[in-house]
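If you're matching them up, the sequences are chains A and B in order. Quick note on the numbering used here: the first sequence kicks off at 1218 and runs consecutively. Quick note on the numbering used here: the second sequence kicks off at 1306 and runs consecutively. A virtual CB, placed ideally from N, CA and C, is assigned to each residue, including glycine.
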Amino acid sequence: MIEREVLTVEEIEVSKLIPAVDALRAAGWRIIQILGVSGADHIELNYSFGLGMQHRILRLMVAPEAEVPSITSVFLGAYLYENEIRDLFGVKIERIAVDWLGKVYDPVEGKAFSKITVIATSSEGGPR
Amino acid sequence: MSSHEKAAPGPTVIPFGPQHPVLPEPLHFDLTLEDEKVVGAIPQIGYIHRGLELLVEKRDYLDYVHIAERICGICSFMHGMGYCEAVETILGTQVPDRARWLRTFWSELERVHSHLLWLGLAADAFGFENLFHASWRARETVIDVAEETSGGRVIFGSAIVGGVSRDPGDETLRRCMKAIEPVRAEILRLAQVWIGEPTVRHRLSGVGYVSKEMAYTLGAVGPMLRASGVDYDARAQGYEAYGEIEFKPVVETAGDCMARVLVRLGEIEQSFRILDEVVAKMPAGPVSVPIKGMPPVGESWIRLEQPRGEVLYFVRSNGTRQLERFRVRTPTFANIPAMVEAIKGVSLADVPTVILTIDPCISCTER
Chain A
1218 MIEREVLTVE
1228 EIEVSKLIPA
1238 VDALRAAGWR
1248 IIQILGVSGA
1258 DHIELNYSFG
1268 LGMQHRILRL
1278 MVAPEAEVPS
1288 ITSVFLGAYL
1298 YENEIRDLFG
1308 VKIERIAVDW
1318 LGKVYDPVEG
1328 KAFSKITVIA
1338 TSSEGGPR
Chain B
1306 MSSHEKAAPG
1316 PTVIPFGPQH
1326 PVLPEPLHFD
1336 LTLEDEKVVG
1346 AIPQIGYIHR
1356 GLELLVEKRD
1366 YLDYVHIAER
1376 ICGICSFMHG
1386 MGYCEAVETI
1396 LGTQVPDRAR
1406 WLRTFWSELE
1416 RVHSHLLWLG
1426 LAADAFGFEN
1436 LFHASWRARE
1446 TVIDVAEETS
1456 GGRVIFGSAI
1466 VGGVSRDPGD
1476 ETLRRCMKAI
1486 EPVRAEILRL
1496 AQVWIGEPTV
1506 RHRLSGVGYV
1516 SKEMAYTLGA
1526 VGPMLRASGV
1536 DYDARAQGYE
1546 AYGEIEFKPV
1556 VETAGDCMAR
1566 VLVRLGEIEQ
1576 SFRILDEVVA
1586 KMPAGPVSVP
1596 IKGMPPVGES
1606 WIRLEQPRGE
1616 VLYFVRSNGT
1626 RQLERFRVRT
1636 PTFANIPAMV
1646 EAIKGVSLAD
1656 VPTVILTIDP
1666 CISCTER
C-alpha cells in the first residue's frame, strides 16, 4: 500500500514549543530533525516530526539573542540537532540533555551558517 | 583512610576513536566503563565537517547536484537524486517515466552494493576475514554493473535536475541483470554463514539491544529502526517508481546486532527482486526534460530511503540561480543517539561490532 507524504507547516511562538512537542510525543510522533535557516535579522528553526508518512513542521522565528528551550526532555534524540544549531547559527538553546558546550564542530569557531554575523562584520571587512 | 588502604576503583573512561582499526572514518566516543562493561558513552563528531550545505549559496542550482552527489561515496546517486527531486518540486517539473524507473534502478543497485560493503566491514569488525573478502568480492560485480549502466563506479554522475543524464538501453540492463545472477546465489550462501555460523551468532545475538520504543523515540531510521520492530521505510511513499512495484519493508523484532544483519540481508534480496521488476517494466521514452531559467521562490521537503535509512532534503529558493538553503539530514546523523543507547551495557570488546551494525557513514554525517 502506498502512502503519499502529507506535509504540514505550522508557525508557533517559542513559548508554545514544549507544549506542542509534548502533544506530538503523546500522539505517537517521532523526531525527524531540526533545521536552521538564517535570515538577515533572525534565525528560523524548523522542527520536523513524522508519523507514518505524515510530516509536520513546527516553525519558530527567533531573534539572535533569544533563548530557546531544549526539547530533549521530550525527545532525547534531539540533542545532536540542538548542539549543531547552536554551533552553526549561534542560537542559545537552554538545557540540552547531552551538551557539547559548543564543540560539535570543534575546532571550527563562530557561527558559520548565520548571515546575521555576515551583516555585522562585512562593513568592517571582517571574515564571514 | 590510612595510607596503605586503596581507594575503591571508580568508573574508567576509555577514548574510542577517532582513529580506530574498525573505523574507516573519524568518530569518537568517551566510553565510561565499570570493569569491562560500558555504562555510558558520549559521542563526538565534527572532525571532517565540510560545510557542503553552505556551498549551495555559491553554485548554480543546476550544477550543485555534482556536489550533492559527493556528500557520500556509497550513496552518492541517492544524494544527487534527492537534491534533484527537491529542486524539481520547486520547479514543478514532471520527470519522464523512464527517468523515474532508471533512478529506481540505480537506487536499488546502490543499496545492494552499500549493504555488501557493510556486510564485509561488519565481518571484519569481529575478525571473520573470509566473510569480509567474500562480501566484497560479490560487491565488485555490482559495482561493475553500476559502471556499465551509469559510467561511474563510485560517483554515478547520472542524476540531473529534470531526469537522468544517461540511458544505458534495455539490452544493457538485461545483460547486467544476467551478470549479477551469480551474485544473488553467492549472497544466499553468505547469508547461511551469517545466520547459521555459531561464532557469528555468539558475537551478534543479544548484543547491542535497542527496544522498539527507544529506537522510535530517539529518531532512529533505516535498518536500525526496522530491526527493532518498527515498520517504517520511506520507499512506501511511492516516490520515483516505488509506487508501481511490489514493496514491503523488511522488519525484525529482536532489536540486537543479529536483527540488524537480518534486515540488511533481507533487503539485499528484496533489492534484487525490485531490480528484476524495474528492468522488466522499464518504460520507453526520453530520460530528461530541459530545465531553463531560474527556480521560483519556494521551498520543498523530500524524504527518501537510503541504504542506511531515511534521509531528508530541504531546499529553499530565493528566485535566483543560487539557492538560499540546502539541508540534508543524513541517516547516520539520526542514528547516533540510538547507537549510543545500543553501546550501553555491552562489553568493551563488543563496542566495534555494535557500532558497525549501525553502518555509520561519517562522510554523510560530516556533509
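1) Kindly list the residues whose CB is nearer than 6 Å to the CB of Arg-1578(B), restricted to its own chain and excluding five residues on each side of it in sequence; keep chain order.
2) Any residues in the stretch 1499-1525 of chain B with a beta carbon nearer than 7 Å to a beta carbon of chain A? Which ones, in chain order?
3) Compare the C-beta of Ile-1248(A) against all C-beta atoms of chain B and say whether one is closer than 8 Å.
4) Give a yes or no on contact between the stretch 1620-1629 of chain B and the stretch 1587-1606 of chain B, applying the rule of three or more CB pairs nearer than 8 Å.
5) Between which two residues does the alpha helix (DSSP H) containing Phe-1382(B) stretch?
6) Taking the alpha helix (DSSP H) that Pro-1636(B) belongs to, which residues open and close that run?
7) Please name the residue, chosen from Val-1592(B), Ala-1428(B), Cys-1380(B) and Val-1498(B), that lies closest to Trp-1441(B) on a Cα-to-Cα basis.
8) Are there any heavy atoms of the ligand SAH lying less than 7 Å away from the beta-carbon of Cys-1389(B), as far as the coordinates show?
9) Output needed for Thr-1446(B): all residues of its chain with C-beta closer than 8 Å, excluding positions within five of it in sequence on either side, in chain order.
10) Closer than 8 Å, Cβ to Cβ, to anything on chain A: give me those residues from the stretch 1617-1648 of chain B, in chain order.
11) Can you tell which of Gly-1560(B), Ala-1546(B), Ala-1647(B) and Glu-1572(B) has its C-alpha closest to the C-alpha of Val-1400(B)?
12) Closer than 8 Å by C-beta to Lys-1517(B): which residues in its own chain qualify, once you throw out the five before and the five after it? Chain order, please.
13) Near Leu-1318(A), which residues of its chain fall below 6 Å by C-beta distance, leaving aside the five closest residues on each side in sequence?
14) Decide if Asp-1664(B) is buried, meaning its Cβ has at least 16 other Cβ atoms within 10 Å, or exposed.
15) Would you say Gln-1542(B) faces chain A, with C-beta separation under 8 Å as the test?
16) Going by the CB atoms, is the gap between Pro-1554(B) and Gly-1614(B) shorter than 8 Å?
17) Could you round the C-beta distance between Cys-1389(B) and Ala-1451(B) to whole angstroms and report it? I think they count as a contact, below 8 Å.
18) Taking Cβ to Cβ, would you say Val-1238(A) is nearer than 8 Å to Phe-1292(A)?
19) Against chain A, which members of the stretch 1591-1606 of chain B pass a CB distance test of less than 7 Å?
20) Below 7 Å between beta carbons is the criterion; list the residues of the stretch 1350-1378 of chain B that meet it against any residue of chain A, in chain order.
21) Across which residues does DSSP place Pro-1286(A) in a beta bridge pair?
22) Alpha carbons only, please: which of Glu-1671(B), Cys-1669(B), Ile-1660(B) and Val-1620(B) is nearest the one belonging to Leu-1328(B)?
23) Excluding the 5 residues preceding and the 5 following Trp-1606(B) in the sequence, name in chain order all residues of the same chain whose CB lies nearer than 6 Å to its CB.
24) For the stretch 1627-1637 of chain B and the stretch 1242-1255 of chain A, state whether three or more C-beta atom pairs, one from each stretch, are separated by less than 8 Å.
25) Indicate whether the contact test is met: 3 or more Cβ pairs, each with one atom in the stretch 1223-1240 of chain A and one in the stretch 1270-1281 of chain A, closer than 8 Å.
26) Quick check on DSSP: helix, strand or coil for Ile-1353(B)?
27) Any idea if Gly-1297(A) is buried or exposed, counting beta-carbon neighbours within 10 angstroms, 16 or more meaning buried?
28) Distance, Cα to Cα, Val-1318(B) vs Leu-1424(B)?
29) For a quick check, are the C-beta atoms of Glu-1649(B) and Gly-1345(B) less than 8 Å apart?
30) At a Cβ threshold of 8 Å, is Arg-1531(B) touching chain A?
31) Please report whether the beta-carbon of Arg-1608(B) lies at a distance below 8 Å from any beta-carbon of chain A.
On the basis of the data shown:
1) Residue 1578(B) sits at position 273 when you count from the first residue of the second sequence. Annotation for Arg-1578(B): no residue places its beta carbon closer than 6 Å to its own, counting only its chain and skipping 5 residues before and after.
2) Cβ contacts with chain A: Tyr-1521, Thr-1522, Leu-1523 and Gly-1524.
3) Taking the first residue of the first sequence as position 1, residue 1248(A) is located at position 31. It does; some Cβ of chain B falls within 8 Å.
4) yes
5) Sequence index remark: in the second sequence, residue 1382(B) carries index 77 (1-based). Start and end: 1381-1396.
6) For the purposes of this step, residue 1636(B) is taken as residue 331 along the second sequence, with counting starting at 1. It spans 1636-1648 - the alpha helix (DSSP H) in which Pro-1636(B) sits, taken as one unbroken run.
7) Your numbering for residue 1441(B) matches position 136 in the second sequence. Here the closest residue by C-alpha is Ala-1428(B).
8) This structure does not include the ligand SAH; it has no bound ligands of any sort.
9) Translated into positions along the second sequence, residue 1446(B) becomes position 141. Excluding sequence neighbours, Thr-1446(B) sits near Ala-1484, Ile-1485, Pro-1487 and Val-1488.
10) Leu-1617, Phe-1619, Arg-1621, Glu-1629, Arg-1630, Arg-1632, Arg-1634, Phe-1638, Ala-1639, Ile-1641, Pro-1642 and Ala-1643
11) Translated into the one-based positions of the second sequence, residue 1400(B) becomes position 95. Comparing alpha-carbon positions, the option among Gly-1560(B), Ala-1546(B), Ala-1647(B) and Glu-1572(B) lying closest to Val-1400(B) turns out to be Ala-1546(B).
12) Taking the first residue of the second sequence as position 1, residue 1517(B) is located at position 212. Only Ser-1533, Gly-1534, Val-1535, Thr-1558 and Gly-1560 meet the Cβ criterion.
13) Residue numbering aside, residue 1318(A) sits at position 101 when the first sequence is read from its first letter. Cβ within range, chain order: n/a, list empty.
14) Mapped onto the second sequence, residue 1664(B) falls at position 359. It counts as buried.
15) The count along the second sequence starts at 1 and reaches residue 1542(B) at position 237. Chain A, which has a Cβ nearer than 8 Å to the Cβ of Gln-1542(B), makes this yes.
16) By 1-based counting over the second sequence, the position of residue 1614(B) is 309. By 1-based counting over the second sequence, the position of residue 1554(B) is 249. In this structure, Pro-1554(B) does not lie closer than 8 Å to Gly-1614(B) by Cβ.
17) Taking the second sequence and counting its residues from 1, the one referred to as residue 1389(B) is at position 84. Taking the second sequence and counting its residues from 1, the one referred to as residue 1451(B) is at position 146. Contact doesn't hold; Cβ gap of about 18 Å is too wide.
18) On the first sequence, position 21 is the one that residue 1238(A) refers to. On the first sequence, position 75 is the one that residue 1292(A) refers to. Yes, the Cβ-Cβ distance between Val-1238(A) and Phe-1292(A) is below 8 Å.
19) Trp-1606
20) Ile-1350, Gly-1351, His-1354, Gly-1356 and Leu-1359
21) The count along the first sequence starts at 1 and reaches residue 1286(A) at position 69. DSSP lists Glu-1311(A) as partners of Pro-1286(A).
22) For this step, residue 1328(B) is matched to residue 23 along the second sequence. The shortest Cα separation from Leu-1328(B) among Glu-1671(B), Cys-1669(B), Ile-1660(B) and Val-1620(B) belongs to Ile-1660(B).
23) In the second sequence, counting from the first residue as 1, residue 1606(B) sits at position 301. Excluding residues within five positions, the ones whose Cβ falls inside 6 Å are Phe-1619.
24) yes
25) yes
26) Taking the second sequence and counting its residues from 1, one reaches residue 1353(B) at position 48. Looking at Ile-1353(B) - three-state DSSP - the assignment turns out to be coil, as it is neither helix nor strand.
27) Looking up residue 1297(A) in the first sequence gives position 80. Reading off the sequence shown, one finds Leu at residue 1297(A), where the question assumed Gly. Looking at its Cβ environment, which holds 16 or more other Cβ atoms inside 10 Å, Leu-1297(A) is buried.
28) For the purposes of this step, residue 1318(B) is identified with residue 13 of the second sequence, where counting begins at 1. For the purposes of this step, residue 1424(B) is identified with residue 119 of the second sequence, where counting begins at 1. Going from the Cα of Val-1318(B) to the Cα of Leu-1424(B) covers about 30 Å.
29) On the second sequence, position 344 is the one that residue 1649(B) refers to. On the second sequence, position 40 is the one that residue 1345(B) refers to. Looking at the sequence itself, residue 1649(B) is Lys, so the reference to Glu does not match. It is a contact, given that the beta carbons lie within the stated cut-off.
30) Taking the second sequence and counting its residues from 1, the one referred to as residue 1531(B) is at position 226. With 8 Å as the cut-off, Arg-1531(B) does not count as an interface residue toward chain A.
31) For the purposes of this step, residue 1608(B) is identified with residue 303 of the second sequence, where counting begins at 1. Interface residue, yes.
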